[in-house]
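Residue numbers (this note's numbering): 11 to 464.
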């Protein structure tokens, strides 16, 4: 492990992470945001940041655009380190890429939650939906209870608890208790995230395997497997900053809608579950239920996240946007998407549309030069190339490259292309190559699956 240097414990709205990592095998790292819908915009305006990795494996990352309690990850190409961050976190982190997550340990403000979530016993593990519904629920509850017991022991500093003493990670847990005790805010977030596991039973029911097991049984909400679906438990969800909160809310809404329909028709069976959820009335019902049973913040972000994903994919869902304008109490959630929409109508000066001839001419003009061609899709940029932009700048500077950024996509996404370039302040030369007009343009670079895409 590397040496942990001292730091100032000064509270700010800037998140600072100093990292020392062994065996990265690379020169650059990025810190990426993990939204509820892959590739969608950050309402707080976060853009992927990056840093060169020194020969000693050290780098520092800073941002004042962190969403409090959201998940981010350090991207080491083939490996990632997940980090749940608060706005004023300031910690040092050490890790060995060849021993993740066991080697991860942080020190400083916000470090406790990082260390707990990188315990092996806190890794998200999805087990197959085997056995009966009751079997699944029992196994799921057992895993959740174990995590909660460990978390409680860490928070209360109970070093003699059996679950600590008998844990294969005893040494690391004791170190967390001694060196990075959890704050109340950290504990509350971690406890809420662990308890979300109780809602996985809804996923089990939705699977084909389980429906065959249950298909002739009437849906029975007095069954203990549904005990977690109650309004008292829902009070723990007061924001959707972490993507798991949004995913859990989706499961809750599905169960509550099925409950609503069963109240209307008690004869409904488990085999009807997915058909019920395909009802066009589901989304209108969702709006009313969220307004009635959850804080305004949850309602607003739930729909804002959906719209953010639509707009990031180049789809302007007018009905959803109108709903947000009329029903979103916190207009903050419209600022980011409104700004992005405005950029779709403006064309930056440094971009050019290519046809087959001009594309060939561009390639010929750069023969023999130190050139990197970056092919990317505007529609899927949010989940791919935008995370690589800091690394592209690094490569350009270090290796004196000429980078040609070529967006290959349908004509209908041309405005999305311009928005992506403008929104990320993406410097460099940009070109658009229409797939309708140039269906075979990329064959010289790869097979039909276009493996050269970022």
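We treat Cβ as the ideally placed atom computed from N, Cα and C, and that holds for glycine.
All values derive from a computational prediction rather than experimental measurement.
Cutoff 7 Å; reference residue i; Cβ partners in own chain excluding five residues on either side
i	result
residue 339	306 and 310
residue 107	31, 32, 33, 34, 86 and 89
residue 429	350, 353 and 354
residue 110	89 and 91
residue 421	444 and 446
residue 299	263 and 266
residue 426	324, 354, 388 and 389
residue 23	74, 97 and 98
residue 280	215, 221, 224, 225, 227 and 229
residue 171	163
residue 132	126 and 157
residue 399	58, 434 and 436
residue 71	27, 41, 59 and 61
residue 187	164, 167 and 169
For residue i, the residue or residues it bridges with in DSSP
i	result
residue 290	Answer is none; residue 290 lacks a bridge partner.
residue 444	419
residue 73	25
residue 386	417
residue 154	Paired residues: none, contrary to the question.
residue 91	84
residue 43	82
residue 31	105
residue 439	414
residue 60	40
residue 381	412
residue 117	102
residue 279	228
residue 361	440
residue 68	30
Same chain, Cβ closer than 6 Å to residue i, five either side skipped, listed in chain order
i	result
residue 29	69 and 103
residue 218	none
residue 113	105 and 106
residue 49	322, 392 and 393
residue 483	For residue 483 there is no data in the structure shown, the boundaries of the chain being 11 and 464.
residue 239	265
residue 296	263
Burial state of residue i, where buried means 16 or more other Cβ atoms lie within 10 Å
i	result
residue 377	exposed
residue 6	Because the chain here runs from 11 to 464, residue 6 falls outside it and cannot be looked at.
residue 449	exposed
residue 150	buried
residue 196	buried
residue 4	The structure shown does not extend to residue 4, since the chain spans only 11 to 464, so no value can be given for it.
residue 346	buried
residue 79	buried
residue 15	Confidence is the limiting factor: at residue 15 the pLDDT is only 31, short of 50, which leaves the residue's position unreliable, though a coordinate-based value still follows. Exposed.
residue 374	exposed
residue 152	exposed
residue 175	exposed
residue 185	exposed
residue 274	exposed
residue 77	buried
residue 64	exposed
residue 45	buried
residue 365	exposed
Own chain partners of residue i with C-beta closer than 8 Å, once the 5 adjacent residues on each side are dropped
i	result
residue 75	52, 54, 55, 56 and 57
residue 411	380, 381, 382 and 405
residue 330	313, 316, 317 and 320
residue 344	314, 334, 335 and 338
residue 202	246, 247 and 255
residue 401	38, 40 and 60
residue 283	215, 216, 221, 229 and 268
residue 244	262, 303 and 304
residue 177	131, 160 and 183
residue 154	204, 205, 207 and 208
Nearest-angstrom beta carbon gap, residue j and residue i [assumed within contact, 8 Å]
i	j	result
residue 117	residue 101	6 Å
residue 436	residue 47	Wrong, their Cβ atoms sit about 22 Å apart, outside the cutoff.
residue 312	residue 392	With 8 Å as the limit, residue 312 and residue 392 do not qualify as a contact, their Cβ atoms being about 19 Å apart.
residue 95	residue 82	6 Å
residue 209	residue 258	5 Å
Below-9 Å beta-carbon distance, residue i vs any chain D residue
i	result
residue 397	Judged by its chain identifiers, the structure shown contains no chain D, having just a single protein chain.
Between the stretch 304–323 and the stretch 277–287, are three or more C-beta pairs nearer than 8 Å? no
Just checking, does the stretch 152–162 make contact with the stretch 219–233 on the three C-beta pairs under 8 Å criterion? no
Would you call the stretch 412–432 and the stretch 357–368 in contact, with 3 or more CB pairs under 8 Å? yes
The stretch 321–335 in contact with the stretch 265–279 per 3-pair CB rule at 8 Å: no
For the stretch 433–447 and the stretch 365–381, state whether three or more C-beta atom pairs, one from each stretch, are separated by less than 8 Å. yes
Any contact of the stretch 163–175 with the stretch 243–257, i.e. 3+ C-beta pairs under 8 Å? no
Should the stretch 111–129 be called in touch with the stretch 142–149, which here means at least 3 C-beta pairs below 8 Å? no
Three Cβ pairs or more, each shorter than 8 Å: is that satisfied between the stretch 41–58 and the stretch 230–239? no
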